[in-house]
Every structure is written in structure tokens, then in C-alpha cells.
Amino acid sequence: MEKRAWIGGGAFLACAILFGGIVWSIPDAGPLAIDREAADAIQSLTGKQGEQVWKAVTNLGSSLIIVAVALLYSIWFGLHRRTWAALYIPAAGIVAYACNQLLKGWVDRPRPLGAWGIEVDGASFPSGNAMLAMAVYGTIALSFVLYAIAGRAAKWIASIIGIICIASVGFSRLFFGVHYLSDIVAGYAAGALVMLLALHLVHYSLHRNN
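Numbering (the working numbering), first residue to last: 58 to 267.
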């Protein structure tokens, strides 16, 4: 328990420092050098190939799908472990969405000029899709791995699916040029903060009930 607490606390601190560092480093206007390099690399490697596939993938980070997935999993997890701790999973999505809106209004970073293919609105930083994906899919995957009564193979599969969902949502936003790389990384960092808090609450509730 103590080791897990130290790991969780260290991860929380690292994500907070990463997010704060990105906020501090972004310019008043335009991208960072690494943002330009990432955009150029993606454009040169992919062009506009796979547009329809990436449109479907980017929807995995939409608030509607995130909420639906979180609710379905929380129902299963609650019945599976017979606990109300499952409610922290959709709550993670709600908190992530609310925090993202506050952060967007605070930083107010304009979106990249080269966006195409999908309609977006609001500020660019941090990426809402990336933040929601990390907060919810990360919480789902890790809560399954840590607390579900399942075999090792099932837990490996859950981990892989979670990683693929989170990574592909972030890449899809870069593919369409609607975010800078720093927006995505900051979204992941902020989403991880919510995820770690949700997992702590799930852990506390399960052990309190036991």
C-alpha cells in the first residue's frame, strides 16, 4: 500500500510539473518549435491519407462517447465488485471536462491555422479530447487492471486497448491540425491528474468497504 501511494504521488507530481512547464513555455501567439516540427513530420508522413478512419478515431475523445463508455463500464464495475466506487469513473469524465473548459478560458491559446477536415471551436490549450481520453480511458483501464477479478491475459488486453485509445485520439487531433503537440501533451498530463485522483478514490472506497 505504501509503495503504491508513493508511486501514485510521484506520478501526480510529475504530471503537475509537466503541465505547469508547458503552460509556462508556450508563447503568447503561435506554436513552439517542437509543435512546428511535429506538424511537419505528420504532414510529410501521412498527408491526408486515412481521413475517414481518423475522423472515427477522433470521436473516441468526444464528450458524448466518453460519457457513454464511462457509464457502461461503471455499471459493469459496480456490479462486478458490488461497490459504489464505480461512480468515480464517470465522475472523472465530468471533472476532466469542467477543468478543461476552465483551462481553455484561462490560457486562451488560439488554434493552429492549418486545421482541416473536422469542425472545432473554442481555444486550443489543452486538448479536450486528449484530456478526456486520458482521464476516462486511463481510469477504466487501470481500475480494471488493479481491481477487477480477471485473469492476467484480460488485464493485458485492457491495458493495450486503453493505451491505443488514448494515443490514437491524441494523434487524430494532430492529424487534422486542430491542436499543437504541446496541447496534446498538456491534455494528457491534466487528464492523468484527474485519473490518478479517481483511482485513489476508487482504491480508498474498495478498501474501506472491505
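Note that the Cβ used here is the ideal one computed from N, Cα and C, for glycine as well.
Query raised in the report: Unbroken alpha helix (DSSP H) runs of length 4 or more, entirely within the stretch 140 to 220: which are they?
Result: Listed in chain order, they are 145 to 164, 185 to 189 and 195 to 204.
**Report entry** Member of Ala192, Arg265 and Ala113 whose CA lies at the smallest distance from the CA of Ile151
**Finding:** Residue Ala192 is the option with its Cα nearest to Ile151.
Requested in this report: Less than 8 Å between the CB atoms is what I'm expecting for Ala153 and Phe233, so what's the real figure, rounded?
Outcome: Their Cβ separation, rounded to whole angstroms, is 21 Å, which puts Ala153 and Phe233 out of contact at 8 Å.
Query raised in the report: Would you call Trp111 buried or exposed, if buried means 16 or more other Cβ atoms sit within 10 Å of its Cβ?
Result: By the 10 Å Cβ count, Trp111 comes out buried.
Query raised in the report: Relative to the alpha-carbon of Phe228, which residue among Phe201, Ile197, Leu75 and Gln100 has its alpha-carbon at the smallest distance?
Result: Among Phe201, Ile197, Leu75 and Gln100, the Cα nearest to that of Phe228 belongs to Gln100.
Query - C-alpha gap between Arg265 and Leu144, whole angstroms - result: Distance between the alpha carbons of Arg265 and Leu144 is about 15 Å.
**Report entry** Spatial distance of Gln106 from Arg230 (CA atoms)
**Finding:** Gln106 and Arg230: Cα-Cα distance of roughly 14 Å.
**Report entry** For His236 and Gly179, the rounded distance between their alpha carbons
**Finding:** His236 has its alpha-carbon roughly 11 Å from the corresponding atom of Gly179.
Query raised in the report: Hey, would you say Ala249 sits closer than 9 Å to Gly185, going by beta carbons?
Result: Ala249 places its beta carbon 9 Å or farther from that of Gly185.
Query raised in the report: With burial defined as no fewer than 16 other Cβ atoms inside 10 Å of the residue's Cβ, what is the status of Pro167: buried or exposed?
Result: Exposed: under 16 other Cβ atoms inside 10 Å.
Query - Inter-residue spacing [alpha-carbon to alpha-carbon] between Arg209 and Asp97 - result: When rounded, the distance between both Cα atoms is 40 Å.
**Report entry** Whole-angstrom C-beta distance between Ala198 and Ser225, which should lie under 8 Å
**Finding:** The beta-carbon distance between Ser225 and Ala198, rounded to whole angstroms, is 14 Å. This is too long to meet the 8 Å contact definition.
Query raised in the report: What distance in whole Å lies between the Cβ atoms of Ala255 and Ala149, which are believed to be in contact at a cut-off of 8 Å?
Result: Confirmed, about 4 Å.
Requested in this report: Could you check the C-alpha separation between Ile132 and Gly219 for me, to the nearest Å?
Outcome: In this structure, the alpha-carbon of Ile132 lies about 18 Å from that of Gly219.
Query - Per-residue DSSP class, three states only, for His257 - result: Secondary structure at His257: helix, using DSSP grouped into helix, strand and coil.
Query raised in the report: Among Ala71, Ile64 and Lys60, which residue has its Cα nearest to the Cα of Ala243?
Result: Answer by Cα proximity: Ala71.
Query raised in the report: When DSSP labels each residue in this structure, what does Asp97 get in the three-state scheme?
Result: Helix at Asp97.
Query raised in the report: Got a sec? Which residues, its chain only, sit under 6 Å from Leu128 by beta carbon, not counting five neighbours each side?
Result: Result list for Leu128: Pro147, in chain order.
Query raised in the report: Between which two residues does the alpha helix (DSSP H) containing Ile8 stretch?
Result: Given a span of 58 to 267 for the chain in the structure shown, any question on residue 8 remains unanswerable.
**Report entry** Cβ-based burial, Gly118 [other Cβ within 10 Å; buried from 16]
**Finding:** So Gly118 counts as buried.
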